[in-house]
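Just so we're on the same page, this note's numbering is the position in the sequence shown counted from 1, plus 114. The beta-carbon is built from N, C-alpha and C at its ideal position, and this holds for glycine as well. Remarks on the structure that follows.
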Amino acid sequence: MSGTASNFGAAVTGLPNYQASFFITNYTASDGSSSYTCYCAIDATCKTQWGLYTGSSGNISVDYVPGFYFACQLVDSLLQSTLECFYDNQDCLDVIINFYNNLYNVSAFGNFTLLNSSLIGSRFAINTTIESLFSQMFIESWAESVNYSSYFTQCQPASCSYTISQRNNLVETITRIIGLIGGLSVSLRILVPFLVIAYVAIIRRLWSHHQEAVPELTPSRARFVTVGIKIRDWLKKVNVFDDTNRAVSIEQQCLATRVYILLLIISLIILVIYTSLTYYLNTFTITNPSLQQYQQLQQRYGLAAVSCSCSRSSIPYSTFIELECDFHPVCKSHFISDSYMQELFELYNDLDTTYASSNAYTLQGTIFTHFQTLLVLCNLAKDFVSDAQQQYLASSVVATGISDVDLFETETNSSLVNFRTTLPNLFLNSLQLIRGLIQGNGLVSAYSTNWYPFTYNIVKFGTIYFKPQYYGSDGCNCATSATCTQPSTPFIQGYLVGCTPLESLLQSTIECLYEQSCVDLLGIYLNMSLPNSTIPLYKNETRFSATDTIDSIVQQMFVETCSSNVSYNQYFEQCKPDSCSVTLFESGSFIIIVTTILGLYGGLTTCLKLIVPFLVFSTYKLIPAASSNNNTPSIVNTDHEEHLPSTTVASGSVSAAPAPLTRFFTPIPRYIKVLFGLTLFILVVIVIAIPSIYLTRHGQNQTAITVKQCTNLTFTTAVSYVVGAYPIMVAVNDFNGDGILDLVDIDNDGNTVSILLGIGNGGFRSYTSFPVGNNPSSIAVGDFNSDGPLDLAVTNSADNTMSILLGTGSGNFRSQIIYSTGLFPQWVVAKDVNGDGRLDLVIVNGYSSNAGVMLGIGNGDFTSQITYPTFANPSRVVVDDFDGDGCLDLVVISDTWPLMSVLLGIGNGDFRSQTIFSTDLTWFSIATGDFNGDGRLDVVVTCNVSSTPSVGILPGTGNGSFGLQTKFLTGVTDAPYMVAVGNFNGDAQLDLVVTFYDLASVGVFLGTGNGSFGLPIMFSTDSGSGSTPYGITVGDFNNDGRLDIAVTDAAHETMNILLNSCT
115 MSGTASNFGA AVTGLPNYQA SFFITNYTAS DGSSSYTCYC AIDATCKTQW GLYTGSSGNI
175 SVDYVPGFYF ACQLVDSLLQ STLECFYDNQ DCLDVIINFY NNLYNVSAFG NFTLLNSSLI
235 GSRFAINTTI ESLFSQMFIE SWAESVNYSS YFTQCQPASC SYTISQRNNL VETITRIIGL
295 IGGLSVSLRI LVPFLVIAYV AIIRRLWSHH QEAVPELTPS RARFVTVGIK IRDWLKKVNV
355 FDDTNRAVSI EQQCLATRVY ILLLIISLII LVIYTSLTYY LNTFTITNPS LQQYQQLQQR
415 YGLAAVSCSC SRSSIPYSTF IELECDFHPV CKSHFISDSY MQELFELYND LDTTYASSNA
475 YTLQGTIFTH FQTLLVLCNL AKDFVSDAQQ QYLASSVVAT GISDVDLFET ETNSSLVNFR
535 TTLPNLFLNS LQLIRGLIQG NGLVSAYSTN WYPFTYNIVK FGTIYFKPQY YGSDGCNCAT
595 SATCTQPSTP FIQGYLVGCT PLESLLQSTI ECLYEQSCVD LLGIYLNMSL PNSTIPLYKN
655 ETRFSATDTI DSIVQQMFVE TCSSNVSYNQ YFEQCKPDSC SVTLFESGSF IIIVTTILGL
715 YGGLTTCLKL IVPFLVFSTY KLIPAASSNN NTPSIVNTDH EEHLPSTTVA SGSVSAAPAP
775 LTRFFTPIPR YIKVLFGLTL FILVVIVIAI PSIYLTRHGQ NQTAITVKQC TNLTFTTAVS
835 YVVGAYPIMV AVNDFNGDGI LDLVDIDNDG NTVSILLGIG NGGFRSYTSF PVGNNPSSIA
895 VGDFNSDGPL DLAVTNSADN TMSILLGTGS GNFRSQIIYS TGLFPQWVVA KDVNGDGRLD
955 LVIVNGYSSN AGVMLGIGNG DFTSQITYPT FANPSRVVVD DFDGDGCLDL VVISDTWPLM
1015 SVLLGIGNGD FRSQTIFSTD LTWFSIATGD FNGDGRLDVV VTCNVSSTPS VGILPGTGNG
1075 SFGLQTKFLT GVTDAPYMVA VGNFNGDAQL DLVVTFYDLA SVGVFLGTGN GSFGLPIMFS
1135 TDSGSGSTPY GITVGDFNND GRLDIAVTDA AHETMNILLN SCT
C-alpha cells in the first residue's frame, strides 16, 4: 500500500466493531473514445490527469497540468508523464508557480530555464513520456571517435612478418641446374656403361633364341657366381685415379679407388637415411575457399594441417544460432487470461472489506491475488528469458581462425549448456531479494494476508494499528515468518493461503488445474460464468509433475524446453575465410631423395676425389715398410707410352700384377684395416645418431635431473639478463628442442612474454618477446596441439582473456589465439583433467569468484570454460590427485580471504562442489609435494603479511582433506612471496625456495623428510644494481646435475640466475 493512498486506501467502519480495512483505489481513465473505471489491483498502469485543486469539497476548482498524470504508484506517475509543460512554448509552468506562490505566500521558486522547443536535432518529441526517455537512458546521440593511430601506439607491435609468393630468381635457378648437372653427369658416366652392357646382353640373349641349337642350361647358382666374378674383376681393374703426371703405382691407384668407392657408398647411404628421416614443411594456400573445399581439405590432410583465417574476428551468435524456448502450459492457459482475471477481480471486489482479515483464509478472498501473482511470474520469466536470449545472441565468438565442425559443435554446445544452466540464477536471485525485502521491511499486504488493520475508536486523525495473521495448526506468525501457510476454505487440492500471495503461491501446486472434476468444483465455488473456464490443463504437455510446487517450476523459470538451431554453414559464411593454408610435415619422398642426392653427388665425388688419393698416397709415403714388405713389384707410370687408357681400367698392366691383386680377398695391410674399421664405426654411429636425434626432436620435451649430493649448499653470484617490462612469473622448459633448458617470463607492464634460450653452461641468449593481452598474470607450458614443440597459455587479467601461443620448435611462437575467461583471471595450470591424453587448462577468475576449466581439443584449441564456484577473490590454484582416486583435483587459495577450497575431480573433466576450509592467514602462493614421505600429496603455502610472515605445510590425508598447518617462521624480517619445490642438496628430500621481495634475496628451506624444515639459508639475488625478486622457478641450467634458481626482478626488468655450486 502506497503512503499516498494512490493504489489502496484505508477505511474505518463505525460501532460496535470499529473495524478498519483497506479498499482498492480506482481512477477514471479514457481510451480516447470513452471513459472507464480502472482499478489499481488489476491494472498497475491506471492513471488520471494531474491537476491543481483549490477550494473545499463542495466547491473545487481544478487546473489540469498538460502531460502530468497521477497513477497507482508514484514512480508510475512519473514514468507516464511528459515534460511538455517545461518547454518555452507552454505557459503551464507559470500557472504552477503562481498557484504555489498564492497558496503558500511564497514570492518565487527561483529562476527556471525552460527547455527550448525549437531545438533542432533532438530525436525525442515534446510529448515523449519519461518512460520512453528512460528506456533510451535520456541519450540524444553517441559521439564515437575511433583513432587507429592511438590503437597502433597502444598495440606496440614488437615485430611484423610478411610473406611474398614469388618464383625462384635467376641465380637460384642457375645454381640448382648446375648442381643437378654435376650430379647427373657423374651418375650417367657410371650408369651408362652398365646400361649399355646390359642392353647388349639382352639383345644377344634374344638373338640366341632364334638359333636352332638349344643352348646348355646354366644353373642359377653358377650364374650368380659368374656375375660375382665379373663384379670382382671389375673392382680389381677399376681405377678412377689414373694420372700419368704422378709417380704412383697402379696398386696405389686401385687401392685409392676402392677406398673412394667405399666412402662414396657410405656417404650415399647416410644421405639416403638422413633425407628419408628429415621432415619437410610444405605449405600451400587456397584463396576464397568454399565450405565444400574446406571440408575436402580437412578430410584429405587432417584437421591440424588446415588453417583458415576468418575475414572478421568477431562473429555474433545470432548469425548462426536460433534459440526458442517453450513455457509451461499454465503460462499460456485461459487461467491467467485478461477475461479470467477480470472475473476473479470482480469476485474479490464484491467481498465485504469489513471482513478482509477473514477473507485472507478463503478461496474467494485470495484466488484473484494468487492468479495475478502467477501471471506476473510467467510474464517476468518470459521477459527475462527473452532478454537473456537477445543478450546471448548479441554476444560474439572471437576467433582469428575458423573452427572445424567438431570443434565448432563442441564449443557451441558448451556455450549453450552454460547459457541454459546459468540462465535462472539472476532471475532467482532477484526473486529472492524481493521475498527478503517484503519480510525484512515489514511491508503490509493490502489484501490483509500478513497484517490487518484495526482501531479502538473513530476519531479524527485517529490511529490505525496492525496485527499479524496466524496460519496453520502450529500458529505460524506472519510477523516472524513469511512462509506461514494453510489450506484454503473451502479446500482445494494443492491450494494454500498464507502471509503473502507470492509466498503462498510458491508453496502451492496447480494439480487441481489438471483434473476436470477439480476445475468444475472451482467453477462452482467461484461462480464462474466464462465459457472456457472449466477446461483443464493437459499433463502430457509438460515435463513437470502435477504435484510440483510453483516454487520448483519457478526455479526452472517455467521453461519446458529451449531448442537451438545451430548452422555451421551460416557460421562459415560469416567467417568468410580469405584463404586457407595447408601445412604438412612430410618425410622426404623418393623424388626429393633422388634430387637431393643428385644435387650433392657432384660436390661429394669431387671432394672425395681430392681427399682420398691424398690420404692413400700420403699413407704409402709415411709407411715405406708397407711397400718393402709387399712382394709385388710396383709398376710406375713414368712412360707416357705405357699409360693406360682413360677408361679408368688398367688393362695393360694388370696382367703382370702379382698374387696380392689377383685375388679378391687379398690380405690387406693393417693400416688399411684400421682405416676401414674407423670408417665403418663412423657409419654405425651416424646411422644410430640420426634416428635418435629425429625421435628425440619429435618426442615430448622432458628433462630428467639426477641431483648430485652435497653438504655445503652455496650458489654463485646472481647474473642478470634483460627481459620485458615488469616481469613477474617465470616457467622453465626446453622450447627449441636442443636438450637445454630455456626460460619464459610474463611481462606485466609490457604485455608480452619473453623467451631466454639457454646455451647449456648456465648462460642465456638475449630475450625475444611475443605479444599477449593486457597485464598478463600467469603462464602455463605444454604441448597443446600435439605436434611436439611446447606451447604457452597466458592469462590476461585486464582483458579477462587468455592467450594461447603455439610453439614452432625453434624457440619462436605463432601469433596469440585469444579465449574469453571470467573476470580478472589470476592463475592458469595445464593438466589433463579429463584423462583423454590432451592437456586442459584450469583458470581461477578473481572477480568472478570461480574456477574455470577449458578442455583441450588436441589441435591447440579449447572449449569454452565451464565454471565452478569458489569463495570470493580466488588467486591461485594447484591441480593434482589429492584423494588418491586417480582423478585430478583442485585446491584454490586467496590472498584476500583466509580460506581454501578443495574441488574433487571425477575424472571426466567435471568437479564436485567445493569444500571450504577456514585458515587463520591469507596465502599468497602454493605448491605441492610429498614433504613427509607418507605417499600422500601435501601443500606448501606462503603468507606475505608483514605482521605474520611464514611458510606453512598442510599434510595431505589422502581423502582430499588436509591436516593442521605447521608453520615455519622465516627467521627474517621480510615476508615471503612465491615458493618453488626442489631437491637442492641431493639428499632425496624435497626442499623449498622462497623469494623475499624487499630483501633482494631467496631463502632455501632444507627439508628433513618428515614434513619439517629448517630456517632459510639466504642467497642474494642482487647482481650489482639492486634486486626485487618475485617469481621463481628451478632447473639445471648448466647440466652439472644440480638444481639452479631463476627469479624475475620486476623493478629492474631482468631475469636473475643463481647457479648451484654446492659442494
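Buried or exposed (CB count within 10 angstroms, at least 16 for buried), residue i
i: residue 1151; result: buried
i: residue 321; result: exposed
i: residue 1050; result: buried
i: residue 76; result: No statement about residue 76 is possible, as the shown extent of the chain runs from 115 to 1177 and does not include it.
i: residue 269; result: exposed
i: residue 344; result: exposed
i: residue 508; result: exposed
i: residue 1029; result: exposed
i: residue 214; result: exposed
i: residue 617; result: buried
i: residue 365; result: buried
Nearest-angstrom Cα separation, counted from residue j out to residue i
i: residue 897; j: residue 907; result: 10 Å
i: residue 992; j: residue 979; result: 17 Å
i: residue 813; j: residue 902; result: Note that residue 813 scores 40 on pLDDT, short of 50, meaning its location in the model is unreliable; the coordinates nonetheless yield the value given after this. Looking at the two C-alpha atoms, the distance is approximately 6 Å.
i: residue 607; j: residue 1036; result: 54 Å
i: residue 1112; j: residue 1149; result: 24 Å
i: residue 405; j: residue 677; result: 25 Å
i: residue 1004; j: residue 985; result: 13 Å
i: residue 650; j: residue 656; result: 13 Å
i: residue 376; j: residue 310; result: 24 Å
i: residue 379; j: residue 871; result: 39 Å
i: residue 1137; j: residue 933; result: 38 Å
i: residue 740; j: residue 729; result: Note that residue 740 has pLDDT 44, beneath the 50 cutoff, so the model's placement of it is unreliable and the number below is only indicative. Distance between the alpha carbons of residue 740 and residue 729 is about 15 Å.
i: residue 841; j: residue 494; result: 50 Å
i: residue 889; j: residue 208; result: 58 Å
i: residue 1126; j: residue 1045; result: 8 Å
i: residue 141; j: residue 162; result: 6 Å
i: residue 533; j: residue 506; result: 8 Å
i: residue 718; j: residue 825; result: 55 Å
i: residue 559; j: residue 144; result: 29 Å
i: residue 733; j: residue 714; result: 28 Å
Rounded Cβ spacing between residue i and residue j (contact assumed at less than 8 Å)
i: residue 458; j: residue 485; result: 6 Å
i: residue 899; j: residue 851; result: At roughly 15 Å, the Cβ-Cβ gap does not stay under 8 Å, so residue 899 and residue 851 are not in contact.
i: residue 1093; j: residue 1130; result: That belief does not hold up - the Cβ atoms of residue 1093 and residue 1130 are roughly 11 Å apart, past 8 Å.
i: residue 1017; j: residue 947; result: Rounded, the Cβ-Cβ distance is 11 Å, inconsistent with contact.
i: residue 859; j: residue 867; result: 7 Å
i: residue 689; j: residue 421; result: At roughly 13 Å, the Cβ-Cβ gap does not stay under 8 Å, so residue 689 and residue 421 are not in contact.
i: residue 969; j: residue 977; result: 5 Å
i: residue 184; j: residue 199; result: The Cβ separation is near 14 Å, so there is no contact.
i: residue 726; j: residue 374; result: 4 Å
i: residue 658; j: residue 667; result: 6 Å
Delimiting residues of the beta strand (DSSP E) encompassing residue i
i: residue 368; result: First-last for residue 368: 364-391, but that is the alpha helix (DSSP H), not the beta strand (DSSP E).
i: residue 436; result: 435-441
i: residue 674; result: 673-680
i: residue 866; result: 866-870
i: residue 1179; result: This structure does not reach residue 1179, given that the chain is present from 115 up to 1177, and the question cannot be answered.
i: residue 1057; result: 1052-1057
First through last residue of the alpha helix (DSSP H) which encompasses residue i
i: residue 461; result: 452-463
i: residue 352; result: Here residue 352 belongs to no alpha helix (DSSP H), and DSSP marks it neither H nor E.
i: residue 665; result: 664-669
i: residue 482; result: 477-508
**Q.** Entirely enclosed beta strand (DSSP E) segments - the region 186-261, minimum 3 residues
**A.** none
Q. In chain order, which beta strand (DSSP E) runs of at least 3 residues are fully inside the region 890-956?
A. 890-896, 905-910, 915-919, 931-934 and 939-945
Q: Identify every run of the beta strand (DSSP E) within the region 532-582, keeping only runs that are complete inside it and at least 3 residues long; order them along the chain.
A: 565-568 and 579-582
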